[in-house]
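Data block below; observations after.
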Amino acid sequence: MSGEELPQTEANVLKGHEGAVLTARFNRDGNYCLSGGKDRTIRLWNPHRGIHIKTYKSHAREVRDVHVTPDNSKICSCGGDRQVFYWDVSTGRVIRKFRGHDSEVNAVKFNEYASVVVSAGYDRSLRAWDCRSHSTEPIQIIDTFLDSVMSVCLTKTEIIAGSVDGTVRTFDIRMGRELSDDLGQPVNCISLSNDGNCVLASCLDSTLRLLDRTTGELLQEYKGHTCKSFKMDCCLTNSDAHVVGGSEDGRLFFWDLVDASVVSSFRAHSSVVTSVSYHPKDNCMITASVDGSVRVWKAKAS
Amino acid sequence: MENDEDDFVFFGTPIEREEDTISRKKKSIAEASGQLRTLVPWKQEVRDEEGRRRFHGAFSGGFSAGYFNTVGSKEGWTPQTFTSSRKNRAEIKQQDLSNFLDEDEKAELEGNSLGTSMQFDTFGFTAAEIARKQSEKEQNERPSAIPGPAPDELVVPATDPIGVRLMLKMGWRRGQSIKSSKSTHYDARREARKAFLALGGSEDAKVEGDMETVAELPSDDINQLQKSTPVYVLNPKQDMYGLGYDPFKGAPEFRENKRSHLPGNRESGHKRVIPKKDGLFSFKPRNVAPGFGIGALEELDAEDEDVYASGYDFEAFVEEDEEPSTLAIEDKKKSSSKQQGVLRGFKAASNTDYQLERFDPPVVPKDFVPHHKFPATLEVNQKSTEVPPPEVPPPVDNTLKVLIEGVATLVARCGTLFEELSREKNQSNPLFDFLNGGDGSDYYKRKLWEARQKHGVKTKPLLSEKVAPNAQKMSAETRGNILGEKPLNRTAKDLKPVVPAADSVNLQFHLADTFTEPASFVEPTEIAKPFQHDPAKQERFEQYLKEKYRGGLRTIDAGGSSKMSEAARARERLEFEAAAEAIKQGKWGKESQLSSQPLLGASAGRGLQFTSGGSEINGVSQTEEIVKKSMFPKREEFQWRPASLLCKRFDLIDPYMGKPPPPPRSRSKLDSLIFMPDYIKAATQETNTISKNLSSPQVDEKRRTDVMEAEDKAEVENVEVENVERPVDLYKAIFSDDSDDEEENININQEEDPTKKIEVANTALSRLVAGDFLESLGKELGLEVPPDQPYIPPPTTQKPTKVQDIPQKHEPINSDAHKNTSTQNTKEFNHEIVKKETKFKREKSPSDDEKSRRRSKREYDSTSDSSDGYRDRHGSSRHKGRKKEHRKHSKHRHHESSSRSRHSADKEYRDSKKEKRKRRD
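In order, the protein sequence lines correspond to chains C and Z.
Convert by adding 11 to the 1-based position in the first sequence; the result is the number in our numbering.
Under our numbering, the residue at position 97 of the second sequence is numbered 80, and the numbers go up by one with no gaps.
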């Protein structure tokens, strides 16, 4: 993919959040997106038409992460109020609240079957919550982390989480083992490549690191942006050709996956880019920023 | 009659008939005698002979003695009827103590009023009290013209108090004032002196002095003074109020005011002022806002003063603010005392009983100097007199130097005790020789002295007189010299001795405290190099230090660091500051070089922190970065056990399925020591009993031998297997709840039997059991039972539930055993049993068959949605069934068996049955 095909033109600005937007996520098919922010709301948008669809209010503190089930029926969200909320999309009601984290929850994800919500907390733990039963107790608590767990990713068989203790830990449920990849730098965010073979970790030394998941080998480092104190997302494009990351100065960076050169960088927001999410199929992405806006980016051609 | 009744209209509920109460009574009697006894005690109700409950409500634990349901009276508790206070105010009566006392208490109280015994009634108070009571009583009895209590003065105790009696015995007469014998003696002397005066007429100072005192004293009223007047005479009743009535009772501040207006009191000028002072407004301090009250316990604050009410001041108070002369006070006192008690037609006594006693201030010794001397003289005070040790070049050894300095600082701060302590401690340490006059002792002395100077100056307030004059004396040149300015060559030599070294150090420290760091402390920093390994950095650091101690504005361009980023520079600045601080404290060197020294332990905190910071920063060197790169990412692998439910939800097979759950973390060796052998023992015993039971003649011969073989094998294997499995199972039995895991555990155990052999063996066994079951069923149904089935099972419909379930721990063992041995045999007799079954089956009623089938079907339906396969369940059922039989025989009770597992056992029976049916078909 050449630089021209990267989503660099602003297609829509989704405005509505009051205060910083901390997370923005596409749904599975990429037709909708969800955002959550410091105004304690979760908003559902149609990013392609720029329409605000629904607002979910129940959080008592800021919303730090949100995730939708593949069938778009449920949302899970988390934030500063130490709870994981399990929402019904259509009614906008909270189905369940999972309490148990001792402090702020940084990230949540559904598993493949939307039967489990895995949350990563500041309390150095990962917790798996059961959506099927009515139990409010976590199915499992993983507390091998030494510091706040910032980000979590799930595959069909694994739970992968990045922590401020500098590790990216892979919990292989099938094998019953834990792989800990110590990067030496606090890990801010992790993101899986679409082929599932690599994991991209954003470290607080302003470096994105690409790890081979099978060997734990460091494949590449991507530098140029600033990421020192904020929880900022990074991701790979849907073709796994480029690495996308925000910067604390409001810029957006595109690196070539292989040679780590900055393919493109431009000012996307006036303030810290907190979240990036790439469309699963199209050349489209959304970014969220502290400036309170969610922007939709598309390739020039389209 | 009926018509009549129709005409009546009833309202309300009819009163209970007597029959009803009688019936109730009867019932209560019946209950008391019969049924109630069968009830558990806490369900029984206590009723009286009328059938009413004796214990009730919140008091069910109590006993309703006396009047039931009441408060101890027949009427019960009746609330006081409401009386409008508007209409009958008088009826509201005040409560007093007697309202709350019982009769006996009242009687007690009457008898016991506390008072002084008459015998010891010194002042006659008790007697007076009694007398007054007596008079009151009398008064009550016969109403007199004057209502109310009689005034105290009129009621005199009948007996003399003991004090009075004593006084009388001593020669005192009634009405006489009690006067010290000294005054009479004095009077006599004065008389004598008077006579002497009249006689001699000579005048000297002494006599004159005496004369003065004489003048003060009244001369001729001894007799008058001897009489004491009762109070009521002194304060005659002048008003028209009734006896005992006090118009100022509620407002005492008016009393003085009133008195000042009395005609007899208007005589002196002062008089008018005094009552005003004590009068209406003066009881509050001035300047208080008149409108605001202040509580009795509150102090007047600045904010309570009324800022705006200054104009409200009374003129009269102003003159009182002035300090009146002592004479005036004296005068005032005299006159006031004079005026107070004077009756008309009498003259005020010039002499009074009241004499102001005065105490002279303590005499200050002539040689007293108003300076406080501290018992242990501080070193500070000595500094002017003490000859400072000569300045000595520091020892060559840098370590030693730093050590000496550190010790000196500490000693100065903590006192000589510390020195002794460290000397004692480090006697053998050659480094501390300087404490014992060894190497570097001179330098130590000097440093100690310097530190002491500094410490003293710091502790002593700067206004200390000793320092100030010296400082003032200094000329510009000397000051310059002290500050280390390079003097002109000419004066350099001359001036050195002029300024005492102590002062110079002193001044330096003063200046240091005010704006710059002393030069003496810059010096060591040149030796202690915190950034030795990085010369450029060290250079910058030195530069920084220089700038720092130069004072004033710092140059922005810190030398050589222009290449650095702003952030890096800031960080370095912080670092330098920390380093400088550490050096100033004299700890840098110590920490880095002598951290093993015990005496530095106290001050280790800051230094350590700093060194770690330094190392971290230094670590960002290029080489280390490379090392880092090669080091990270570093992969580690651990075992991690996902929760089985998690696996289930992820639709994965639990990798640890069947493996023992992770043992509790706080598992000690003791646990295993205690539990393991015990367990094994129990297990072996169990198997023994089982085999014994099996060998009983009741059991089918064929089966018996077969099973025996199996059991023997099992016994052999038991011990080894137990070692691995048992403790875990025990934990499971103890810690796991039976609800959900039970089922899963079954599966887990199931998973363990991988070989088909076991399966075969188990099916055989379960069939065996099922056959047994069917036999019994047939028997129950009144069918023919073959003669070779000797033992009679309990009623079969309930059999599965009644039978104690086997704990799962046994399953693998037994199955192992069977797998090895019984396959062949069981197969053989299987046929037989099956045959038997078919026979029974045919005879069995179709309805029963139908029922069982339906039941089993339901069972499958209910389990079909769970993820465990049918096969597993089935397999486990075989174990269950097999095992159950043993259990039945052994009658071994297992506490861990749960209703759930029993239920599953039930299920499994049916399963096996069904399978058999299938097979038959």
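Here a beta-carbon is modelled for each residue, glycine too, at the ideal position from N, C-alpha and C.
Check: Tell me whether S144 (chain C) is buried or exposed, calling it buried when 16 or more other Cβ atoms sit within 10 Å of its Cβ.; Outcome: exposed
Check: Kindly list, in the order they appear in chain C, the residues whose Cβ is closer than 8 Å to that of W432 (chain Z).; Outcome: Simply none; closest approach about 51 Å.
Check: In or out: H354 (chain Z) buried (at least 16 other Cβ within 10 Å) or exposed?; Outcome: exposed
Check: Counting only Cβ pairs nearer than 8 Å, list the residues of chain C close to L393 (chain Z).; Outcome: Chain C residues near L393 (chain Z): none, gap ~39 Å exceeds 8 Å.
Check: So with CB distances below 7 Å, who are the chain Z contacts of A139 (chain C)?; Outcome: L629
Check: Return the bridge partner residues of Y67 (chain C) from the DSSP annotation.; Outcome: C:I53
Check: How many Å lie between V255 (chain C) and A118 (chain C) at the Cα?; Outcome: 19 Å
Check: To the nearest angstrom, how far is it from the Cα of T225 (chain C) to the Cα of D183 (chain C)?; Outcome: 12 Å
Check: Could you confirm whether any beta carbon from chain C is found closer than 8 Å to the beta carbon of D634 (chain Z)?; Outcome: yes
Check: Taking DSSP as the reference, what is the three-state secondary structure of C238 (chain C)?; Outcome: coil
Check: Let's see if you can read the secondary structure: which residues bound the alpha helix (DSSP H) around V390 (chain Z)?; Outcome: 381 to 397
Check: Cα separation between G146 (chain Z) and S333 (chain Z)?; Outcome: 30 Å
Check: At 3 residues or longer, and completely inside the segment 132 to 215 of chain C: list those beta strand (DSSP E) runs for me, N to C.; Outcome: 137 to 141, 149 to 153, 160 to 165, 169 to 174, 178 to 183, 188 to 193, 198 to 203, 209 to 214
Check: What does the alpha-carbon distance come out to for the pair V128 (chain C) and Q151 (chain C)?; Outcome: 11 Å
Check: Does the Cβ of Y224 (chain Z) have 16 or more other Cβ atoms within 10 Å, making it buried, or fewer, making it exposed?; Outcome: exposed
Check: Reducing DSSP to helix, strand and coil, say where M296 (chain C) ends up.; Outcome: strand
Check: Determine the burial state of E407 (chain Z): buried for a count of at least 16 other Cβ atoms within 10 Å of its Cβ, exposed for fewer.; Outcome: exposed
Check: Are the Cβ atoms of R396 (chain Z) and D192 (chain C) separated by less than 8 Å?; Outcome: no
Check: When DSSP labels each residue in this structure, what does K642 (chain Z) get in the three-state scheme?; Outcome: coil
Check: Give the residues of chain Z in contact with Q151 (chain C), contact being defined as C-beta atoms less than 7 Å apart.; Outcome: P625, A626, L629
Check: Considering only their Cβ atoms, is the gap separating R75 (chain C) from G90 (chain C) smaller than 8 Å?; Outcome: yes
Check: Between the Cα of V160 (chain C) and the Cα atoms of C:E169, C:E148, C:D176, C:T147, which residue gives the shortest distance?; Outcome: C:D176
Check: Is it buried or exposed, L383 (chain Z), if we count other Cβ atoms within 10 angstroms and call 16 or more buried?; Outcome: buried
Check: What residue from C:R107, C:S258, C:C238, C:L268 has the CA that sits closest to L229 (chain C)'s CA?; Outcome: C:L268
Check: Less than 7 Å between C-beta atoms, sequence neighbours within five positions excluded: which residues of the same chain meet that for S69 (chain C)?; Outcome: F96, V105
Check: Reducing DSSP to helix, strand and coil, say where Q410 (chain Z) ends up.; Outcome: coil
Check: Going by beta carbon distance, what residues of the same chain come within less than 6 Å of R110 (chain C), once the five residues before and after it are set aside?; Outcome: Q94
Check: Do the CB positions of L190 (chain C) and C209 (chain C) come within less than 8 Å of each other?; Outcome: no
Check: Using the three-state DSSP reduction, which class does D244 (chain C) fall into: helix, strand or coil?; Outcome: coil
Check: For the beta strand (DSSP E) holding L628 (chain Z), just list the boundary residues, first then last.; Outcome: Element bounds for L628 (chain Z): not the beta strand (DSSP E) but the alpha helix (DSSP H), 627 to 632.
Check: Alpha carbon to alpha carbon, how far is S276 (chain C) from A299 (chain C)? Give it in angstroms, no decimals.; Outcome: 16 Å
Check: Checking the sheet assignment: what are the DSSP bridge partners for S126 (chain C)?; Outcome: Partner(s): none; S126 (chain C) has no beta bridge.
Check: Which residues in chain C have a C-beta closer than 9 Å to the C-beta of K408 (chain Z)? List them in chain order.; Outcome: Within chain C, no residue comes near K408 (chain Z); the closest Cβ sits about 40 Å away, beyond 9 Å.
Check: Is K617 (chain Z) helix, strand or coil when you go by DSSP?; Outcome: strand
Check: I'd like to know whether the C-beta of N122 (chain C) is nearer than 8 Å to at least one C-beta of chain Z.; Outcome: yes
Check: What residues match up with F264 (chain C) in a beta bridge as DSSP calls it?; Outcome: C:G256, C:S276
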